[in-house]
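A.B. asks: First to last, the sequence lines map onto chains A and B.
Position one of the first sequence corresponds to residue 2 (this note's numbering), numbered consecutively onward.
Position one of the second sequence corresponds to residue 40 (this note's numbering), numbered consecutively onward.
Have a look at this one.
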Amino acid sequence: MKRISLFLILALCAVCGLYAQTLDVCQGSVTWRYDANTLDAGSKMSVASGTTLSVGTMEFPLSGTTLRVNPTGTPEPLTVEVHYGGSTPQIIADGTLAPYLKCSVDRQNVSITASTDLSQEVTYRLSGVGESFTLTGDYKSTVVLDGVTLQATGTTPALYIVNGKRIDLQCTDGTTNVVEDAATNTVKSAFYVKGHAEWKGGGTVNITGNARHAYSSNEYTEIKASFTGVINILGAKNDGMHIEQYLIVNGGTINVSHTQGDAIDVSYAMEDDEVTPTNDSINGQVHVKNGVLNLSVNADDTKALKSDDSMWITGGRIEAIANGDGSRCINVGLDLTIGTKGSTDQTNPYIYLTANGGTYTAPDGDTTKCRGIKVKRNLYFYSGLLKRNPESAVSSSKMVDVDGLPTVSGGKLDGITIN
Amino acid sequence: MKKTILTLAALASLTAAKADSVKYMTFLTADGTEHSLSLSGGIDISFSNGEMVAKAVDGEFRAPLTEMRDMWFAIEATSIHEALADGVAEGSTVKIVGMDGRTHLEGVWSKDGGFDLPEGVYLVTTGGKTYKVFVKKRP
């Protein structure tokens, strides 16, 4: 019976597919795709003006416009596909979005600006090999990295999302994506998100910042539990990931190496004066709930994982290496909580520290010592495993440095003494 | 099992809806004449030199932009009577030729017709112009 049902479902789906039709309004690199079934006698297109084609509220100039009716086309509602490569990128967009999106193409650089009238979430799917993608708008959006390589050559990031709302970043399962800027980039990172970023999907993205940071978000970044992919920061002139407001890691893997600044730097979101932290209830914090972080820093006075405010590590696996003078594996501006109060787990979270640097002397004479963990206020160690790489240059008793009160009520310390 | 039946029913209804999908593109010119092209092999439409050209696998439609008005998609092609009713004055001379070259009507056009045509494509000449028209029988 099950087999018959499956057959019927497949057969019905095949029949459904036979009847898909689309009308493509083609203008150079941009194709606006309409579901032909929505353009019936009640929604006529008109060329009565002799100079424009009107489709709904949209007026396309006839000059440079061709139409193609595809009897087997499949309309994708609220979706814009950008495929890089060839002589010019190809953009295929849901025709109903034409009144709201302005698309421009310059070599392998694509820029899309969404009008303030747009009130539906649009998905932008990127694939192929190109230079840059710039998205400007005011409504939450989804950007899908569907096997795209963006290597910018100009003054903008390779992936530049100028939108202060929630941005879903989806890495398609099984794809490898590349985002790399040029040394001439004048914006602060190769992969820039003005708003708050939420990562999902199962692919890999390799990011390199040749000007400043590799990745940055002006508001929070959250690695969702549904993210099973890998973010590789392959190098940066400054921080690997520079995040404002807060970072939550719920899954996936983040590998950061070859940075000249911090591996992951989470700082306060500031008011316009750039001095006063915003009064958001969560600001400057890091919370690692799950996932894997492999972070290493080699430069002097840098941190593998840094928060301006408090940090919670309640799950997941962190392996951090601090090789530079004055560098830290984990550096916390206020309190650090490891594990969960009352838990007897001595394996999760797992934190493995390697600290090999010496003392860094700043130009003003201040000195900073390399440490595994530096906490500006209090440490609460409730559960999990905190382990020192036995080959670390920094001794067991110097591995964790707490300015306030250390509280150890559970978990396991391996090769580490907390005074 | 109940879930499976419900799923099948939903898919069946979807199929029924899709079965009504458009199959023709219809063009309306200033004189009120409608012309339909089948979508089956796709249609390419261009605008150049003051003319619109629509090319389909089974034929093409050309018209000066000054004479073009609207376009839309339809489930059925415009029938011979619907195509000519508004655009050909009663009593005009009309010649209807099938794609096999056989002449089906040559004489004075009447809305009542008095003749019938099987489904198919026909060339209709009236007023010095020739149009391609699809005839589709309504159920």
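Note that CB positions come from ideal geometry on N, CA and C, so glycine has one too.
How would you call Ile339 of chain A, buried or exposed, if buried means at least 16 neighbouring beta carbons within 10 angstroms?
C.D. replies: Stepping through the first sequence from its first residue, residue 339 of chain A is reached at position 338. Result: buried.
A.B. asks: Considering just the uninterrupted stretch of the beta strand (DSSP E) at His317 of chain A, what are its terminal residues?
C.D. replies: As a first step, residue 317 of chain A is located in the first sequence; it is residue number 316 there, counting from the start. Looking at the sequence itself, residue 317 of chain A is Gly, so the reference to His does not match. Neither: Gly317 of chain A is in no beta strand (DSSP E) and is coded neither H nor E.
A.B. asks: Check whether the Cβ of Asp97 of chain B lies closer than 8 Å to any Cβ atom in chain A.
C.D. replies: Taking the first residue of the second sequence as position 1, residue 97 of chain B is located at position 58. Not one chain A Cβ lies under 8 Å of Asp97 of chain B.
A.B. asks: Three-state secondary structure (DSSP) at Asn38 of chain A?
C.D. replies: Counting from 1 along the first sequence, the entry for residue 38 of chain A is found at position 37. Asn38 of chain A: helix per DSSP, three-state reduction.
A.B. asks: Report the option in A:Thr345, A:Leu380 and A:Gly316 whose CA atom is closest to the CA atom of Ile352 of chain A.
C.D. replies: Against the first sequence, residue 352 of chain A aligns to sequence position 351. Looking at the Cα atoms, A:Gly316 is the closest of the given residues.
A.B. asks: Identify every residue that forms a DSSP beta bridge with Glu245 of chain A.
C.D. replies: Within the first sequence, residue 245 of chain A is the residue found at index 244, counting from 1. According to DSSP, Glu245 of chain A bridges with A:Ser268.
A.B. asks: DSSP state of Ser398 of chain A, grouped into three classes?
C.D. replies: As a position in the first sequence, residue 398 of chain A is number 397, starting the count at 1. Helix, per DSSP.
A.B. asks: With DSSP as the reference, identify every bridge partner of Cys104 of chain A, one or two as the case may be.
C.D. replies: What you label residue 104 of chain A is simply residue 103 of the first sequence in a count that begins at 1. According to DSSP, which records beta bridges pairwise, Cys104 of chain A is partnered with A:Ile113.
A.B. asks: Using 8 Å as the Cβ pair cut-off and three pairs as the minimum, do the stretch 272-279 of chain A and the stretch 317-324 of chain A touch?
C.D. replies: Short answer: they don't touch.
A.B. asks: Which bits of chain E does Met312 of chain A rub up against, with CB to CB less than 9 Å?
C.D. replies: Structure shown: chain E not included; protein chains present are A and B.
A.B. asks: DSSP beta-bridge partners for Pro62 of chain A?
C.D. replies: Residue numbering aside, residue 62 of chain A sits at position 61 when the first sequence is read from its first letter. Answer is A:Thr53, bridged to Pro62 of chain A.
A.B. asks: Quick check: Gly204 of chain A and Thr177 of chain A, are their CB atoms within less than 8 Å of each other?
C.D. replies: Here residue 204 of chain A is taken as the residue at index 203 of the first sequence, counted from 1. Here residue 177 of chain A is taken as the residue at index 176 of the first sequence, counted from 1. For Gly204 of chain A and Thr177 of chain A, yes; Cβs fall inside 8 Å.
A.B. asks: Can you give me the C-alpha to C-alpha distance between Arg329 of chain A and Lys238 of chain A, rounded to a whole angstrom?
C.D. replies: Sequence index remark: in the first sequence, residue 329 of chain A carries index 328 (1-based). Sequence index remark: in the first sequence, residue 238 of chain A carries index 237 (1-based). Cα to Cα, the separation comes out at about 18 Å.
A.B. asks: Does the beta-carbon of Ala69 of chain B have 16 or more other beta-carbons within 10 angstroms, so that it is buried, or is it exposed?
C.D. replies: Here residue 69 of chain B refers to the residue found at position 30 when the second sequence is read from its first residue. The residue is exposed, with fewer than 16 neighbouring Cβ atoms inside 10 Å.
A.B. asks: Could you name the residues of the stretch 102-115 of chain B whose beta carbon sits closer than 7 Å to any beta carbon of chain A, in the order they occur along the chain?
C.D. replies: For the stretch 102-115 of chain B, which is checked against every Cβ of chain A, the residues closer than 7 Å are Leu104, Thr105, Met107, Arg108, Asp109, Met110, Trp111, Phe112 and Ala113.
A.B. asks: Three or more C-beta pairs closer than 8 Å, one from the stretch 100-115 of chain B and one from the stretch 84-103 of chain A: is that the case here?
C.D. replies: Verdict: no, contact absent.
A.B. asks: Can you check whether the CB of Phe100 of chain B is closer than 8 Å to the CB of Leu16 of chain B?
C.D. replies: Chain B is shown only over 40 to 178; residue 16 of chain B falls outside these bounds and no answer can be derived.
A.B. asks: Compute the beta-carbon to beta-carbon distance between Lys304 of chain A and Asp263 of chain A, rounded to the nearest angstrom, for a pair I have assumed lies under 8 Å.
C.D. replies: Within the first sequence, the letter at position 303 stands for residue 304 of chain A. Within the first sequence, the letter at position 262 stands for residue 263 of chain A. Yes, Lys304 of chain A and Asp263 of chain A are in contact; Cβ-Cβ is about 5 Å, under 8 Å.
A.B. asks: Distance cutoff 8 Å, beta carbons only. Does Gly81 of chain B sit that close to anything in chain A?
C.D. replies: For the purposes of this step, residue 81 of chain B is identified with residue 42 of the second sequence, where counting begins at 1. Closer than 8 Å: yes.
A.B. asks: Would you kindly work out how many angstroms separate the C-alpha atoms of Leu40 of chain A and Trp111 of chain B, rounded to a whole number?
C.D. replies: Here the question's residue 40 of chain A lines up with position 39 in the first sequence. Here the question's residue 111 of chain B lines up with position 72 in the second sequence. Leu40 of chain A and Trp111 of chain B: Cα-Cα distance of roughly 6 Å.
A.B. asks: Going by DSSP, which residues form a beta bridge with Pro76 of chain A?
C.D. replies: Residue numbering aside, residue 76 of chain A sits at position 75 when the first sequence is read from its first letter. Answer is none; Pro76 of chain A lacks a bridge partner.
A.B. asks: Could you give the DSSP three-state label for Leu104 of chain B: helix, strand or coil?
C.D. replies: For the purposes of this step, residue 104 of chain B is identified with residue 65 of the second sequence, where counting begins at 1. Reduced to three states, the DSSP call for Leu104 of chain B is helix.
A.B. asks: Let me know if Asn284 of chain A comes out buried or exposed under the rule of 16 or more other beta-carbons within 10 Å of its beta-carbon.
C.D. replies: Here residue 284 of chain A refers to the residue found at position 283 of the first sequence. The residue is buried, with at least 16 neighbouring Cβ atoms inside 10 Å.
A.B. asks: Does the beta-carbon of Pro78 of chain A have 16 or more other beta-carbons within 10 angstroms, so that it is buried, or is it exposed?
C.D. replies: Taking the first residue of the first sequence as position 1, residue 78 of chain A is located at position 77. Classification of Pro78 of chain A: exposed, given that the 10 Å Cβ count is below 16.
A.B. asks: Going along chain A, which residues have a C-beta under 7 Å from Val61 of chain B?
C.D. replies: Taking the second sequence and counting its residues from 1, one reaches residue 61 of chain B at position 22. Neighbours of Val61 of chain B on chain A, chain order: Gln22, Ala37, Asn38 and Asp41.
A.B. asks: If the cut-off is 7 Å on Cβ atoms, which residues from the stretch 57-79 of chain A count as contacting chain B, listed in chain order?
C.D. replies: Cβ contacts with chain B come from Leu63, Thr66, Thr67, Leu68, Arg69, Val70, Asn71 and Pro72.
A.B. asks: Taking 8 Å as the CB-CB limit, is Gly153 of chain B close to chain A?
C.D. replies: The sequence position of residue 153 of chain B within the second sequence is 114, counting from 1. Confidence in Gly153 of chain B is poor, its pLDDT being 48 and thus under 50, which makes the residue's placement unreliable; the coordinate value appears in the next sentence. Not closer than 8 Å to any Cβ of chain A, the Cβ of Gly153 of chain B fails to qualify, so no.
A.B. asks: Using 8 Å as the threshold, is the stretch 99-115 of chain A in touch with the stretch 124-138 of chain A, meaning 3 or more CB pairs across them?
C.D. replies: Cβ pair count under 8 Å is three or more, so yes.
A.B. asks: Nearest chain A C-beta to Phe100 of chain B closer than 8 Å, yes or no?
C.D. replies: Against the second sequence, residue 100 of chain B aligns to sequence position 61. No, Phe100 of chain B does not count as interfacial toward chain A.
A.B. asks: Does the separation of the CB atoms of Cys371 of chain A and Gly327 of chain A fall below 8 Å?
C.D. replies: For the purposes of this step, residue 371 of chain A is identified with residue 370 of the first sequence, where counting begins at 1. For the purposes of this step, residue 327 of chain A is identified with residue 326 of the first sequence, where counting begins at 1. Their beta carbons are under 8 Å apart, which means Cys371 of chain A touches Gly327 of chain A by this criterion.
A.B. asks: Considering only the alpha carbon of each residue, which of A:Ile331, A:Gln152 and A:Ala37 lies closest to Asn71 of chain A?
C.D. replies: By 1-based counting over the first sequence, the position of residue 71 of chain A is 70. The shortest Cα separation from Asn71 of chain A among A:Ile331, A:Gln152 and A:Ala37 belongs to A:Ala37.
A.B. asks: Beta-carbon of Ser85 of chain B versus every beta-carbon of chain A: anything under 8 Å?
C.D. replies: Stepping through the second sequence from its first residue, residue 85 of chain B is reached at position 46. Answer yes: the Cβ-Cβ gap between Ser85 of chain B and chain A drops below 8 Å somewhere.
A.B. asks: Rounded to a whole number of angstroms, what is the C-alpha to C-alpha distance between Thr345 of chain A and Tyr381 of chain A?
C.D. replies: Looking up residue 345 of chain A in the first sequence gives position 344. Looking up residue 381 of chain A in the first sequence gives position 380. Their Cα atoms are separated by approximately 14 Å.
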